[in-house]
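K.L.:
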Amino acid sequence: KCQGIPKVATFEPIFKITIIIHHRIENWLRILRQVNHEIQNQIVTYRWL
Numbered sequence: 033k034c035q036g037i038p039k040v041a042t043f044e045p046i047f048k049i050t051i052i053i054h055h056r057i058e059n060w061l062r063i064l065r066q067v068n069h070e071i072q073n074q075i076v077t078y079r080w081l
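So this is what it looks like as structure tokens:
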């Protein structure tokens, strides 16, 4: 019965790490979208020039 407690204790930090990684991936995707949007805007302005 006591063996279940360490599993939860070791699982909790892994869960926190996955949340941190998930947030970092979301931030990277947001940055990539902004960069992509800016590049597309520059391409459009170059076409008008």
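Going left to right, the sequence shown walks through residues 33 to 81 as this note's numbering numbers them.
Cβ atoms here follow ideal geometry from the backbone N, Cα and C, with glycine treated the same way.
For Tyr78 and Arg65, I'd like the C-alpha separation in whole angstroms.
P.N.:
Whole-angstrom Cα-Cα distance: 20 Å.
K.L.:
Would you tell me roughly how many angstroms separate the C-alpha atoms of Ile57 and Phe47, rounded to the nearest one?
P.N.:
Their Cα atoms are separated by approximately 15 Å.
K.L.:
Roughly how many angstroms lie between the CA atoms of Gln74 and Trp80, to the nearest whole one?
P.N.:
If I take the Cα positions, the gap works out to 10 Å.
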